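Student: The following block contains the structure, expressed as structure tokens.
Number of protein chains: 2
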Amino acid sequence: MEEELIMVRVAELYYDEDKTQDEIGALLKLSRWKVGRLLTQARERGIVRIEIVHPRARRLGLERQLVERHGLTAAVVVPSPDGDDGTLERVAQAAADYLTAMRPVPRTLGVSWGRTLRAVAEALPDGWATGVTVVQLNGGVSLNRRSGGAAGLAVTIAQRASGHVSLLPSPAILERVETKQAIEADRTVAAVLVEAAEAQAFLFTAGPCDATSAHVENGYLTASDVEELARRGAVGDVLGRYIDADGNIVDPQLDARTVGVELGRLRAAQRSIFVTAGDAKHDIARTVVTSGLCSVLVTDETTARALLEER
Amino acid sequence: MEEELIMVRVAELYYDEDKTQDEIGALLKLSRWKVGRLLTQARERGIVRIEIVHPRARRLGLERQLVERHGLTAAVVVPSPDGDDGTLERVAQAAADYLTAMRPVPRTLGVSWGRTLRAVAEALPDGWATGVTVVQLNGGVSLNRRSGGAAGLAVTIAQRASGHVSLLPSPAILERVETKQAIEADRTVAAVLVEAAEAQAFLFTAGPCDATSAHVENGYLTASDVEELARRGAVGDVLGRYIDADGNIVDPQLDARTVGVELGRLRAAQRSIFVTAGDAKHDIARTVVTSGLCSVLVTDETTARALLEER
DNA sequence: GCTCCACGTGCTCATATGAGCGGAATGATG
DNA sequence: CATCATTCCGCTCATATGAGCACGTGGAGC
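Protein sequence lines, in the order shown, are assigned to chains A and B. Every letter in the first sequence is one number past the one before it in the working numbering, and letter 238, counting from 1, is 238. So the working numbering is basically just the index in the second sequence, starting at one, shifted up by 311.
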């Protein structure tokens, strides 16, 4: 279109050549106002693209769309680096920033585990908050308070906020329902579960439903278990509970053997912050977002775009 | 750096959120002026990138650098499309635009041939100029005034400017020097050569020194001839004359058998417009530009960047 | 052929913004 | 410790810019 060509010319003179709208008008024989209007149109039509290039930048446009489309309280989207990856770190950093800035500061914060959350914990600065009690939401691996396992991450978050930590001394999934019930009946465990369920904020991730799952890695499930779950429609797990694309539990029997807060709690929570990074998790991320499991989403640009595509 | 983080935040609020500098100042507890300065810095440091996305857009920044660095009269750089190619068309379009806008309109325009110039000819609108005489600069293939060969392109350019055309009725390269001299002695040919040498503007391209060369395709040279030339340092040809990286004739004997205007004419000309597109021609393009064969360069972004790299 | 609506255009005016300046702070140097 | 240079900051003021409005024009519908 002829008009478009003029827009391009005007935009070049304005942005590349630092001419004033007046000058451009004189040059192209257009009124000053026409030039201004062409410029706004050029921005609207996306001919002029203004981009903020920085690892810590955010994609506010995408955030707005996500909040709008999926009824979230907030969304944080960071740019995905070009070819390579540092995506996880960027997202973790952004999540840490969000937590640090979050007001009011929650008295208790429920956390799940996984590589992503570990990165978030590491990205939190010392003194990111003061006096926050951190509670584990689901059973994990290492019971050691120091080490790098599921517990370590909760400990790190708590330490850096000069707060307490309540660990859930239980495996993620048990082999028999009876054992699970016995564990939950245990006073310490029960107390932590109550505390967790009542947390003022939740911070969690999700896992994809494939062999790379942490459950397989830690021996709670076998690769064929996961395959079977996928066959039955599971797209991934949240707090150790495998759900399908609609957010429903895929295998109630398995679920009954899983120790941790129930998903309903996340849906009911004021603030449940979901952190996800990487292409493998698009499906489970979509489910978490569309089935209302989170109110705040922290993710990378690629995932954000995937979540905005027509279902 | 801490400062940088604030710059990013400010830029986001300003460009993505359409806040005024005042508002941002209030929000981040900075003076209005500080905000303004951060914004300019962000642009300088390239944190804020303003890009004009359009096939017909030009890269004025690169053009400036090229003019500066290589002492050109003008440069036209169009964006290279992402993965695919329409690069040739874009460059041709840009060259056509340049010709159309060029003032003063030359009375006679010397043209070479090749796929690129053919595209330029096609991109020229009817009536791009009036009364321009088009002269062929070097020997070509088809002697037919209508068809799509070397001559056709000159005819097209002339027709669309309601002008005349002077074709050079000669092969590009002859087998024996004597034949070449005989041809040049021919009255018609000699007249055209004089006219060509005295043209007020030149429009030409260059070919890379490889088997894809038009000389091989048309049987003036064999693939092994070209190989040999490359071995002796040739990077490509201009008006059928093979030159090395410094712009010197590689094989004087071959050159003596080549019919057409001499390269010195291009160097001496007021306006000699060099059009080049595509990655294969970076080397010959560099030579043309650095050895002063052209005063105006029309090319794509990728080539432009290559020409700006430290030798 | 007439009317009316919608749109594009050029204007006035309030506001946002960048240039330039003097003073304060900071840091290097003797 | 004194001095000087350099940088940074907040301000004044001129200027560039966008919102809103009135007008003209052209096209659709009656």
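C-beta atoms are modelled at their ideal positions from N, C-alpha and C, and glycine is treated no differently. None of the values given here were measured: they were computed from a predicted structure.
1. For B:Phe513, does the three-state DSSP call read helix, strand or coil?
2. For A:Arg176 and A:Arg257, what's the separation of their Cα atoms in angstroms?
3. For the alpha helix (DSSP H) that B:Val321 lies in, which residues bound it at each end?
4. Give the residues of chain B in contact with A:Leu5, contact being defined as C-beta atoms less than 7 Å apart.
5. Excluding five sequence neighbours on each side, which residues of the same chain lie with their C-beta closer than 8 Å to the C-beta of A:Thr320?
6. Report the neighbours of B:Leu350 on chain A: residues whose CB is nearer than 9 Å to its CB, in chain order.
7. Please work out which residues of its chain come closer than 6 Å, Cβ to Cβ, to B:Arg320, disregarding the five sequence neighbours upstream and downstream, and give them in chain order.
8. Once DSSP output is grouped into helix, strand and coil, what is the label at B:Leu577?
9. I'd like to know if the region 241 to 252 of chain A and the region 156 to 171 of chain A are in contact, where contact means that at least 3 CB-CB pairs between them fall below 8 Å.
10. Quick one, are the C-beta atoms of B:Arg552 and B:Asp536 less than 7 Å apart?
11. Bridge partners for B:Glu528 per DSSP, in chain order?
12. Please list, in chain order, all residues of the same chain as B:Ser423 whose beta carbon is under 7 Å from its beta carbon, the five residues on each side excluded.
13. Which same chain residues, not among the five before or five after A:Ser313, have their C-beta less than 6 Å away from its C-beta?
14. Taking all protein chains shown into account, decide if B:Thr610 is buried (16 or more other Cβ within 10 angstroms of its Cβ) or exposed.
15. Using three-state DSSP, classify A:Asn144 as helix, strand or coil.
16. On a CA-only basis, which of A:Thr179, A:Val194, A:Gly278 is nearest A:Leu167? Give me that one, please.
17. Between the alpha carbons of A:Glu23 and A:Gly86, how many angstroms are there, rounded?
18. Where does A:Leu77 sit, in a helix, a strand or coil, going by DSSP?
19. So B:Ala407 and B:Leu373 are in contact, right, with Cβ under 8 Å, and what is the actual spacing, rounded?
20. Residues in the region 323 to 357 of chain B with C-beta within 9 Å of chain A's C-beta atoms, listed in sequence order?
21. For B:Leu464, which of B:Ser473, B:Val445, B:Pro480, B:Ser481 has the nearest alpha-carbon?
22. By alpha-carbon positions, which one of A:Arg107, A:Arg58, A:Gly140, A:Glu228 ends up nearest to A:Arg90?
23. Could you say which of B:Gly575, B:Ile584, B:Ala541 lies nearest to B:Asp594 if we only look at CA atoms?
24. Can you tell me which of the three DSSP states A:Ala245 falls into?
25. Using 10 angstroms around the beta-carbon of A:Ser170, count the other beta-carbons present and answer buried if the total reaches 16, otherwise exposed.
26. Would you report the Cα separation of A:Arg232 and A:Ala151, rounded to the nearest angstrom?
27. Looking at chain A, is there any beta carbon in it that lies within less than 7 Å of the beta carbon of B:Ile595?
28. Return the residue from the list A:Gln93, A:Gly114, A:Gly163 that minimises the CA-CA distance to A:Gly127.
29. How is the alpha helix (DSSP H) around A:Gly236 delimited, first residue to last?
30. Do A:Ala268 and A:Thr276 have their C-beta atoms closer together than 7 Å?
31. By DSSP's criteria, B:Arg360 is part of a beta bridge. Which residues make up the other side?
32. Do A:Thr287 and A:Val216 have their C-beta atoms closer together than 7 Å?
33. Which word fits A:Pro106, buried or exposed, when buried means at least 16 other C-beta atoms lie within 10 angstroms of its C-beta?
34. List the residues of chain A whose Cβ lies closer than 9 Å to the Cβ of B:Gly372, in chain order.
35. So, helix, strand or coil for B:Thr569, using DSSP?
36. Run down chain A in chain order and give the residues with a C-beta less than 7 Å from the C-beta of B:Val500.
Tutor: Quick look at the numbers:
1. strand
2. 6 Å
3. 313 to 322
4. Arg367
5. Chain A is shown from 1 up to 311; residue 320 of chain A falls before or after that span and cannot be answered.
6. Within chain A, no residue comes near B:Leu350; the closest Cβ sits about 11 Å away, beyond 9 Å.
7. none
8. helix
9. no
10. no
11. Beta-bridge pairing links B:Glu528 to no other residue.
12. Leu448, Asn449, Phe515, Thr516, Leu550
13. Residue 313 of chain A lies beyond the residue range present for chain A, which begins at 1 and ends at 311; the question has no answer from this structure.
14. buried
15. At A:Asn144, the pLDDT of 46 sits below 50, so the modelled position is not reliable; the number obtained from the coordinates is stated separately. A:Asn144 falls in the coil class under three-state DSSP.
16. A:Val194
17. 44 Å
18. The question names Leu, but residue 77 of chain A is Val in the sequence shown. Three-state result, A:Val77: strand.
19. At roughly 20 Å, the Cβ-Cβ gap does not stay under 8 Å, so B:Ala407 and B:Leu373 are not in contact.
20. Glu323, Leu324, Tyr326, Asp327, Glu328, Ala353, Gly357
21. B:Val445
22. A:Arg58
23. B:Ala541
24. coil
25. buried
26. 31 Å
27. no
28. A:Gly163
29. Run containing A:Gly236: none in the alpha helix (DSSP H); it sits in the beta strand (DSSP E), 234 to 238.
30. no
31. A:Glu51
32. no
33. buried
34. Asp16
35. strand
36. Under the 7 Å cutoff, chain A gives no residues; its nearest Cβ is about 42 Å from B:Val500.
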